[in-house]
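What follows is a short report on a single structure.
Protein chains: 2
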Amino acid sequence: MRTRAAVALAAGKPLEVMDVNLEGPRAGEVLIEIKATGICHTDEFTLSGADPEGLFPAILGHEGAGVVVDVGAGVTSVKKGDHVIPLYTPECRTCPSCLSRKTNLCTSIRATQGQGVMPDGTSRFSTLDGDPILHYMGCSTFSNHTVLPEIAVAKIRPDAPFDKVCYIGCGVTTGIGAVINTAKVEIGAKAVVFGLGGIGLNVIQGLRLAGADMIIGVDINPAKKAMAERFGMTHFVNPKDCENVVQEIVNLTKTPFDQIGGADYSFDCTGNVKVMRDALECTHRGWGVSVIIGVAPAGATIETRPFQLVTGRVWKGTAFGGARGRTDVPKIVDWYMEGKIEIDPMITHQLTLNEINRGFDLMHSGESIRSVVVY
Amino acid sequence: MRTRAAVALAAGKPLEVMDVNLEGPRAGEVLIEIKATGICHTDEFTLSGADPEGLFPAILGHEGAGVVVDVGAGVTSVKKGDHVIPLYTPECRTCPSCLSRKTNLCTSIRATQGQGVMPDGTSRFSTLDGDPILHYMGCSTFSNHTVLPEIAVAKIRPDAPFDKVCYIGCGVTTGIGAVINTAKVEIGAKAVVFGLGGIGLNVIQGLRLAGADMIIGVDINPAKKAMAERFGMTHFVNPKDCENVVQEIVNLTKTPFDQIGGADYSFDCTGNVKVMRDALECTHRGWGVSVIIGVAPAGATIETRPFQLVTGRVWKGTAFGGARGRTDVPKIVDWYMEGKIEIDPMITHQLTLNEINRGFDLMHSGESIRSVVVY
Chain W
113 MRTRAAVALA
123 AGKPLEVMDV
133 NLEGPRAGEV
143 LIEIKATGIC
153 HTDEFTLSGA
163 DPEGLFPAIL
173 GHEGAGVVVD
183 VGAGVTSVKK
193 GDHVIPLYTP
203 ECRTCPSCLS
213 RKTNLCTSIR
223 ATQGQGVMPD
233 GTSRFSTLDG
243 DPILHYMGCS
253 TFSNHTVLPE
263 IAVAKIRPDA
273 PFDKVCYIGC
283 GVTTGIGAVI
293 NTAKVEIGAK
303 AVVFGLGGIG
313 LNVIQGLRLA
323 GADMIIGVDI
333 NPAKKAMAER
343 FGMTHFVNPK
353 DCENVVQEIV
363 NLTKTPFDQI
373 GGADYSFDCT
383 GNVKVMRDAL
393 ECTHRGWGVS
403 VIIGVAPAGA
413 TIETRPFQLV
423 TGRVWKGTAF
433 GGARGRTDVP
443 KIVDWYMEGK
453 IEIDPMITHQ
463 LTLNEINRGF
473 DLMHSGESIR
483 SVVVY
Chain E
113 MRTRAAVALA
123 AGKPLEVMDV
133 NLEGPRAGEV
143 LIEIKATGIC
153 HTDEFTLSGA
163 DPEGLFPAIL
173 GHEGAGVVVD
183 VGAGVTSVKK
193 GDHVIPLYTP
203 ECRTCPSCLS
213 RKTNLCTSIR
223 ATQGQGVMPD
233 GTSRFSTLDG
243 DPILHYMGCS
253 TFSNHTVLPE
263 IAVAKIRPDA
273 PFDKVCYIGC
283 GVTTGIGAVI
293 NTAKVEIGAK
303 AVVFGLGGIG
313 LNVIQGLRLA
323 GADMIIGVDI
333 NPAKKAMAER
343 FGMTHFVNPK
353 DCENVVQEIV
363 NLTKTPFDQI
373 GGADYSFDCT
383 GNVKVMRDAL
393 ECTHRGWGVS
403 VIIGVAPAGA
413 TIETRPFQLV
423 TGRVWKGTAF
433 GGARGRTDVP
443 KIVDWYMEGK
453 IEIDPMITHQ
463 LTLNEINRGF
473 DLMHSGESIR
483 SVVVY
């Protein structure tokens, strides 16, 4: 079939919106009509050329929602008409990772996904001239229609609005999941969130959901404060306004009983490796847990004195918020529909596919929290 | 009273065995006759001058066992005649750390302990001329008699031999505790131990106790292999015999089902920050946990790409094996007496107090696993 897509022809160039060919689903695959897609920093990371594993030409986009149009042979878990969210982290339920009970990082199709092709090694996308176009993160939601493996499709309730729940395909789940799956924050905890962009806001609402007592937001831009408070931030620290952000947080978290101080949990949502170190070191001696969410530049390394760990701090990271997509994403959609979490105020801009490059401009200028393309 | 002690008069000098004055226990304190003490790398670290927080003159030693001789006012948990192990990590059961349920790092007397004095700010030790001598790690087991706060004394069964269970005061508990308290290794796990000295051997027997399937030992000295096997090591890797120790371990842990590979748990017992990185990176994508036990040189930092954590590895550390001294040390003594763990083959040398400097020589030359001074 023909469909309309924004194609990344080369690194550092704007996307080009054009008609492309899309082959139907093969065995175990699902054809989806994408109804809405968010534009995420990871798309920007790849489009800019900064991602050393970026491949071109490709159809980017990994934060979508849509409707199943057709299924290939053997597909049993979704059918035509089902509302779904594509998963860049699949959940096959049969690989060593899925069966470990310890990780969400399904590895069944990792190799081919990284190469921009379907599990059988080929792409379903091509130009009208027949030249192949690569898939991206196994999703390619910047196309009005796309094909995914069945194991990478989460079935969601039909009454959820596509233009909001598409955000659950990446940002919402990453932020909330980091809190509840990776850090396992408990009621009454004190937590710090570094970076108050979209991921940071979702971490904040995850912390509110988890019942944290103190939710400290850290950002060098004071304009972020109001929105973060709206999602549950209780304290704001601007590193530009204090000598030492680690000491500031340690002091802020001291109590008359506990004069050691330090956050129980911290989350890096910046991708800056220096901030990651601060995030670790501001946690509480003995039990502080710091979770890295942000994606660092290629080759950058994190660093600290081992004493920080020997005295009880734990350094971890999270991908897709530790969520198992087919199992957990439908639950998060329910939470949104039930009002347990909010998404609407974070979708600051709605665009048509033709306007998609404006979404990247809005991201660069810091004007948007999330721009969503509605097909 | 007068007692006999090996005194560290200055950094980099041998200990001097001499008579010293020891004041009796004040309120909340306990006077202990030390019957035996191990000589640990941490004593050597301080004596050498490498420890930036080392203070002199001091009576080193923190791995002892002995008998209560006298107690100060208000002491209720031990009495004259009780057999005890001094604790460099106390357990007050009332501070924020003890009450957190999350850490063993009691902070009630941390400040004064670090300054080489008792909680009231004074030392009980002095020269015969009356010049104060500092305590060390709150223990000073290189003295035939010493005074400790009640909260830093673990009462043990009276039939346990002092010259063996003194090792539980540091090395045994650190190694076994790292496995069961910090890493919480489960039956069937695959684990790697970097560094097959005394701590490494105790990690290995902790892994055996925990039911690990695969216990890989890593050391550049092949002479360590036999003893490590005796304690439960199932595979040996010499980094000098392979191109890339991380890849070697990943390959070794692959199965027909799991072609990703990597250890479930790893333990650094070397103190080398480069080894700490290898220890993290050889663990399994998705769930590998790496525990730092070794003490790094002052100022040294650990480093890795955040991607290692984002893809599910966890970096932690342990001090005193995460053990709460008064609660857990008596249990480990029981395990020794019941034959669940072994200590005897690790005590390679027994010395008199007058021979104590030979214990440091044996450590330097690598001849000893553990030298114990018997009073």
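Top to bottom, those sequences are chains W and E.
Counting from 1 along the first sequence, just add 112 to a position and that's the residue number in the numbering used here.
Counting from 1 along the second sequence, just add 112 to a position and that's the residue number in the numbering used here.
C-beta atoms are modelled at their ideal positions from N, C-alpha and C, and glycine is treated no differently.
8 angstroms Cβ cut-off: residues of chain W touching residue i
i: MET388(E); result: PRO418
i: ALA408(E); result: ARG417, PRO418, PHE419
i: VAL385(E); result: PRO418
i: ILE404(E); result: PRO418, LEU421, VAL422
i: ILE372(E); result: PRO208, SER209, THR219
Start-to-end residues for the beta strand (DSSP E) that takes in residue i
i: THR258(W); result: 257 to 261
i: ASP380(W); result: 377 to 380
i: ILE444(W); result: Note, ILE444(W): premise wrong, no beta strand (DSSP E); alpha helix (DSSP H) at 437 to 449.
i: GLY178(E); result: 176 to 183
i: ASN133(E); result: 128 to 134
i: LEU364(W); result: Looking at the DSSP string, LEU364(W) is not in any beta strand (DSSP E); the run it does join, the alpha helix (DSSP H), is 357 to 365.
i: GLY471(W); result: Per DSSP, GLY471(W) belongs to no beta strand (DSSP E); it is in the alpha helix (DSSP H), 468 to 477.
i: ILE414(E); result: 414 to 416
i: ILE327(E); result: 326 to 330
i: GLY429(E); result: 426 to 429
i: SER402(W); result: 401 to 404
i: HIS548(W); result: Outside the shown range of chain W (113 to 487) lies residue 548(W), about which nothing can therefore be said.
i: GLY287(W); result: It is not in any beta strand (DSSP E) - GLY287(W) instead sits in the alpha helix (DSSP H) that spans 283 to 289.
Within chain W, partners of residue i - CB distance below 7 angstroms
i: ASP131(E); result: The premise fails here: ASP131(E) is roughly 36 angstroms from chain W at the closest Cβ pair, so nothing lies under 7 angstroms.
i: THR215(E); result: GLY398, TRP399, GLY424
i: PHE525(E); result: Missing from the structure shown is residue 525(E); chain E here goes from 113 to 487 and no further.
Delimiting residues of the alpha helix (DSSP H) encompassing residue i
i: PRO198(W); result: First-last for PRO198(W): 195 to 198, but that is the beta strand (DSSP E), not the alpha helix (DSSP H).
i: GLY318(E); result: 310 to 322
Backbone CA spacing between residue i and residue j [nearest angstrom]
i: VAL486(E); j: ARG213(E); result: 36 angstroms
i: ALA408(W); j: TYR377(W); result: 20 angstroms
i: GLY312(W); j: VAL305(W); result: 6 angstroms
i: THR416(W); j: ASP194(E); result: 43 angstroms
i: PRO457(E); j: LEU240(E); result: 39 angstroms
i: VAL229(E); j: ALA185(E); result: 19 angstroms
i: PRO126(E); j: ILE280(E); result: 25 angstroms
i: CYS152(E); j: ARG236(E); result: 23 angstroms
i: GLY310(W); j: ALA295(E); result: 33 angstroms
i: PRO202(E); j: GLN225(E); result: 10 angstroms
i: LEU167(W); j: MET113(W); result: 24 angstroms
i: ARG438(W); j: ARG205(W); result: 10 angstroms
Cut-off 7 angstroms between Cβ atoms - residues of its own chain near residue i, not counting five sequence neighbours on either side
i: GLN420(E); result: LEU392, GLU393
i: ALA363(E); result: In the sequence as displayed, the identity of residue 363(E) is Asn instead of Ala. Cβ within range, chain order: GLY373.
i: GLY323(E); result: ILE299, GLY300
i: VAL291(E); result: VAL297, VAL315, GLY318, LEU319, ALA322
i: GLY429(W); result: VAL403, ILE404
i: VAL119(E); result: LEU127, GLU128, MET130, VAL132, PRO169, ILE171, ILE245
Contacts around residue i, its chain only, beta-carbon distance under 6 angstroms, and the 5 residues preceding and following it disregarded
i: ASP163(W); result: PHE157
i: THR219(E); result: CYS207, SER209
i: ALA139(E); result: GLY184, ALA185, GLY186
Check whether residue i and residue j have beta carbons under 8 angstroms apart
i: TRP427(E); j: TRP427(W); result: yes
i: PRO198(W); j: ILE245(W); result: no
i: LEU463(E); j: GLY451(E); result: no
i: ALA117(W); j: ASN256(W); result: yes
i: ILE444(E); j: THR285(E); result: yes
i: GLY406(E); j: CYS381(E); result: yes
i: GLY526(W); j: LEU217(E); result: Outside the displayed range of chain W (113 to 487) lies residue 526(W), so it cannot be described from this structure.
i: PRO418(W); j: VAL484(E); result: no
i: ILE459(W); j: ARG482(W); result: yes
i: ASP232(E); j: ALA148(E); result: no
i: VAL357(E); j: ASP331(E); result: no
Cut-off 8 angstroms between Cβ atoms - residues of its own chain near residue i, not counting five sequence neighbours on either side
i: VAL190(E); result: VAL142, VAL180, VAL183, VAL196, GLU262, VAL265, LYS267
i: SER160(E); result: ALA123, GLY124
i: HIS347(W); result: MET326, ILE327, ILE328, GLY329, LEU364
i: GLU454(W); result: GLN317, PHE343, TYR448
Chain W residues whose Cβ lies nearer than 9 angstroms to that of residue i
i: GLY429(E); result: PRO418, PHE419, GLN420, LEU421, VAL422, THR423, GLY424, ARG425, VAL426
i: THR285(E); result: Within 9 angstroms Cβ-Cβ: nothing; THR285(E) doesn't reach chain W, min ~15 angstroms.
Chain-ordered chain E contacts of residue i [CB-CB under 8 angstroms]
i: SER212(W); result: GLY398, TRP399
i: PHE369(W); result: PRO208
Neighbouring residues, chain E, relative to residue i (Cβ below 7 angstroms)
i: SER220(W); result: Within 7 angstroms Cβ-Cβ: nothing; SER220(W) doesn't reach chain E, min ~11 angstroms.
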